[in-house]
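The listed protein sequences correspond, in order, to chains A and G. Each residue of the first sequence is one higher than the one before, counting from 178 in the working numbering. Each residue of the second sequence is one higher than the one before, counting from 178 in the working numbering. Idealized CB from N, CA, C, for every residue including glycine. One structure is given here, and the rest of the page talks about it.
There are 2 protein chains.
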Amino acid sequence: MSSSSRITHPAFRAKVTSAAQAAAMIRPGDTVGMSGFTGSGYPKAVPIALAEQIEAAHAKGEDFRVRVWTGASTGPELDAALAKVDGIEFRLPYNSDPIAREKINSGKMDYFDMHLSQVAPMAWQGFLGKLDVALVEVTGITPDGLLIPSSSVGNNKTWLDRADKIILEVNSWQSPALEGIHDIYYGTQLPPHRVPIPLLRADDRIGSHYFTVDPAKVVAVVETDSPDRNLPFSAPDASANAIAGHLMQFFAHEVKLGRMPENLLPLQSGVGNIANAVLSGLVDSPFTNMTSFTEVIQDGMIDLLDTGKLRMASATAFSLSPEAAARVNADMGRYRDKMILRPQEISNHPELIRRLGCIAMNGLIEADIYGNVNSTHVMGSRIQNGIGGSGDFARNAYVSIFMTPSTAKGGKISAIVPQASHVDHITQDVQVIVTEQGLADLRGLSPRQRAQVIIANCAHPTFRPMLEDYYARALKGSYGLQSPSLPGEALSWHQRFIETGSMLV
Amino acid sequence: MSSSSRITHPAFRAKVTSAAQAAAMIRPGDTVGMSGFTGSGYPKAVPIALAEQIEAAHAKGEDFRVRVWTGASTGPELDAALAKVDGIEFRLPYNSDPIAREKINSGKMDYFDMHLSQVAPMAWQGFLGKLDVALVEVTGITPDGLLIPSSSVGNNKTWLDRADKIILEVNSWQSPALEGIHDIYYGTQLPPHRVPIPLLRADDRIGSHYFTVDPAKVVAVVETDSPDRNLPFSAPDASANAIAGHLMQFFAHEVKLGRMPENLLPLQSGVGNIANAVLSGLVDSPFTNMTSFTEVIQDGMIDLLDTGKLRMASATAFSLSPEAAARVNADMGRYRDKMILRPQEISNHPELIRRLGCIAMNGLIEADIYGNVNSTHVMGSRIQNGIGGSGDFARNAYVSIFMTPSTAKGGKISAIVPQASHVDHITQDVQVIVTEQGLADLRGLSPRQRAQVIIANCAHPTFRPMLEDYYARALKGSYGLQSPSLPGEALSWHQRFIETGSMLV
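Structure, rendered in structure tokens:
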């Protein structure tokens, strides 16, 4: 099927052009709202062409950088291509590209790390500035001029609604059977006109299958045929399996005590190998008739859907390995009935997360002995990816769980530290911490009670005595004893790592 | 009017007893859910009687402590009386009593500092343990056996629903005209049965004027005639007036740019003198037809209601000076039509705060140069009060504003520090910081951009060069440059204060 057959409306067909010509419509200093969420559904041709034009301008000594807004992370054809040529002045709301990360951490790119649910509302509120161009990948354009969304929804509705100009990429690699999987809610408003989001169950549909755009705003349509990034997942290691095991025990215990229903509650699962391992753990669990209300559909969720134990998955994007992507794409007509892709302001909406009572499961970089969680900044200053949707889910979840191996860098970094060097999730938003060592159930505990449980259950045996020693001395020398601390050495483990390459003495 | 005439139902009249006899129904180790929110509507007789019984037990060498849950802070007859005799083993979710604070900070009392919106849901979810006794002040009991709530609602509905035993205090000091002011929503559920909260405007009523209880659970009714704590407010000083002035300019600017409606959006205002000064500032502002959706109704809000510029105030409690309390109580029949008191899970509900688009204005202890806010822990370890509802509002607000004088302790403490010694509000939840020095509008700024604006606009001139120096060196020596920091000295200002009594070198 040629991609041109996917552009079945004459007003859009008339705008078909090359990536280079489309890119030429983006001017220096423009703010461009691009599609893309966890490596899915991002534009794959125009950003590369734009990077070439930026490089050429720089070679001539001209200034040319743009401000890039997306859904979340994208692929090498977008963030890497533009970052490499120093083409991004400002970036929001999430990035996982190594080249862009390096530019940010060397001070060459400004990065605004946002709650993913807040990007669209803040854009509508006018708090982020003007949006010049929307650059959005779609699966196709219907004879009525409606846009069939791609493998991620992200903030595309907002970009299409708010931008002055629209550039579309129509990607024929995307399965045509994606048509019908999406649920684009068009009921958001600015206050004082906001109304309840009419979603009561994770599998409710409340919107349209399509984006509606003003054809007059569409300045270019580019045809592509390129796969999503589709990074492979590692097979779960012993540590990930141990974490999954502790969690399965916890769920069983909660169900036994009547604190969770037998089919659990809608699952939210962060992106990554440990989250994927937990989903795999659920394949062998006794729980059935489960649902998910989450950001991304990962490999483990496909496995869970295949067993029938997961009844349906609601998300804003796919994040699949090449194998899983091939499997899902080949059978999209069947999977489509078990999946819903929504705008990220809906997939991550605090109102819905609290109403549905999601079980939130997210990763972390470090947690301190009181359960403050750092999800973003290595050693307090170097951004890894961003907070993403973890704050949307952690604060509003029925129960908020954070998971990590107890050490990193071959045992030189402890994931449990005296004081978090940066805080993304405050103690109030962290009810359970799990490492391969064990699970700390922090519900209803004061900070001093939390410290004992976290050190005993989650810290690695190598670091546990160091934490016990710090905590014992803090109990004696702290200014106050609500959350005992010694500011003179609370961040010394990080300082030591920076100086010596290890948190170990 | 004698208080007995307020108990007009025979099943409740039959339970009338002394405070001592009622207190004797509370056993060592019991968890007691008490009424009370910011010094309003807390039980005033039974806690004192309980404290006497605890003291007598301790004198005999017996163990006797209880676990105390409330709405928020209470009055000296509750927290101080019980803390003084070491009668509280565990306390949630908020405290501002100095004696209880001292017990917490000396390690003698466990304190679980919670988001106020989450207390009721977490109690229902079974995460906080069993509730043995509800001890709740009411204004009266109707002939039908319905309870007329008092000057705060807090978590009373939840305590009355969930406790095994109920003890009521009927306080004839409370104006009988309070009947009709309350709006007790009985539609909350546990997931998967939660539904949208059907509130679209700050002045919508969605519930009952009364609490409904099972009379069989009521074990004692105690008559009282005592005023709420009613601490006086200080008159706004120059610093508070300057902060209010900066905010008025900001609001006018936002309205001019079309980013806020002309009548603003529902106001949330934290407790305290600065918040009160801002409300006073609004009295002289051009804004009219305003509403508030907040936690407490303070003096400044009464003044604003009196001008007619504030159309109505929704809260969960009063927090008035003695003068304002007398004024409001004397004229409650008129004020009642402009005020609504709701359960705190509704007044602080994330779903409603985001839907209504509240303008959140809260105080802070310190903010760092990236806009992380510490609202709770002096020098990172000593609890002041608690997070209260600030997290509920800051994360979900249309715009989240934090306000503070730029220094404390006679200039020895800077409210702007290199790194917050404890974090309650992450940078994502802090859009504006205001001190008497100026206002930092942080919307859409990366951490490095935020640092420059906060140091330039908010820091006190005495500390500004020290912050500039730290930031300049962090830009050179930081591990990563997303949020430049030097872990070896990031908390050195706090350490210096602990050692020398001043953050100044």
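Within the region 229-316 of chain G, the complete beta strand (DSSP E) segments of 3 residues or longer fall at 243-246, 265-269, listed in chain order. Against glycine 621(A), the close residues of chain G are Phe289, Phe304, Leu305, Gly306, in the order they occur along the chain (beta-carbon pairs closer than 7 Å). By the criterion of at least three beta-carbon pairs nearer than 8 Å, the region 617-637 of chain G is in contact with the region 589-599 of chain G. Under the 10 Å beta carbon count, histidine 430(G) is surrounded by fewer than 16 other beta carbons and is classified as exposed.
For glutamate 613(G), no beta strand (DSSP E) run applies, since DSSP gives it neither H nor E.
Interface annotation for the region 592-603 of chain A against chain G: Gln596, Ala597, Ser598, His599, Val600, Asp601, His602, Ile603, criterion Cβ-Cβ distance under 9 Å. DSSP places glutamine 521(A) in no beta strand (DSSP E) but in the uninterrupted alpha helix (DSSP H) bounded by 521-524. From the beta-carbon of leucine 668(A), the residues of chain G found nearer than 7 Å are Pro664, Ala667, Leu668. Looking at the DSSP output, threonine 584(A) shares a beta bridge with Ser591(A). Selection Arg488(A), Asp476(A), Gln475(A) evaluated against asparagine 466(A) yields Arg488(A) as nearest (Cα-Cα).
Assignment of alanine 537(G) by DSSP, reduced to helix, strand and coil, places it in the strand class. Taking 7 Å as the upper bound on Cβ-Cβ separation, chain A lies near no residue of the region 382-393 of chain G. With a threshold of 16 other beta carbon atoms within 10 Å, glutamate 254(A) meets it and is buried.
Under the 8 Å criterion on CB atoms, tyrosine 647(G) is classed as non-interfacial with respect to chain A.
Of the residues Ser250(G), His526(G), Ile325(G), the one whose Cα lies closest to the Cα of proline 373(A) is His526(G).
Residue-level contact check: histidine 430(G) does not touch chain A, since none of the beta carbons of chain A fall below 8 Å from its beta carbon. Only residues of its own chain outside the window of five on either side were considered, and among them Thr465 have a CB closer than 8 Å to the CB of glycine 485(A), listed in chain order.
In this structure, DSSP gives glutamine 445(A) an extended state, which the three-state scheme calls strand.
In this structure, DSSP gives phenylalanine 570(A) a helical state, which the three-state scheme calls helix. Among the CB atoms of chain A, one or more fall inside 8 Å of the CB of proline 527(G). In the DSSP assignment, the residues bridged to threonine 208(G) are Arg244(G). In the three-state DSSP reduction, lysine 342(G) falls in the strand class (E or B).
With its beta carbon less than 8 Å from one in chain G, tyrosine 656(A) belongs to the interface. Taking 8 Å as the upper bound on Cβ-Cβ separation, chain A lies near residues Leu367, Pro368, Pro369, Arg371, Val372, Pro373, Ile374, Pro375, Leu377, Arg378 of the region 350-384 of chain G. Among the residues of the region 185-197 of chain G, none has a Cβ less than 7 Å away from any Cβ of chain A.
Secondary structure of leucine 518(A) (DSSP, three-state): strand.
Buried is the label assigned to serine 496(G), since at least 16 other Cβ atoms lie within 10 Å of its Cβ. What serine 577(G) touches in chain A, judged by beta-carbon distance under 8 Å, is nothing: the nearest beta carbon there is about 11 Å away. With respect to chain G, the C-beta atom of serine 660(A) has a partner C-beta closer than 8 Å.
For chain G, the residues of the region 552-583 of chain A that bring a beta carbon within less than 7 Å of one of its beta carbons are His554, Val555, Met556, Gly557, Ser558, Arg559, Ile560, Ile564, Gly568, Arg572, Asn573, Tyr575, in chain order. By DSSP's assignment, glutamine 475(A) forms a beta bridge with Ser496(A). Counting the other Cβ atoms within 10 Å of the Cβ of aspartate 646(G) gives fewer than 16, which makes it exposed.
Contact of serine 446(G) with chain A is not assigned, every C-beta pair being separated by 8 Å or more. Residue pairing of aspartate 545(A) in beta bridges, as defined by DSSP: Val594(A). Leaving aside the five residues that flank methionine 556(A) on each side, the residues in its chain whose CB is nearer than 7 Å to its CB run, in chain order, Ser598, His671, Phe674, Ile675. Per the Cβ contact rule, the region 332-348 of chain G is in contact with the region 293-302 of chain G (3 or more Cβ pairs under 8 Å).
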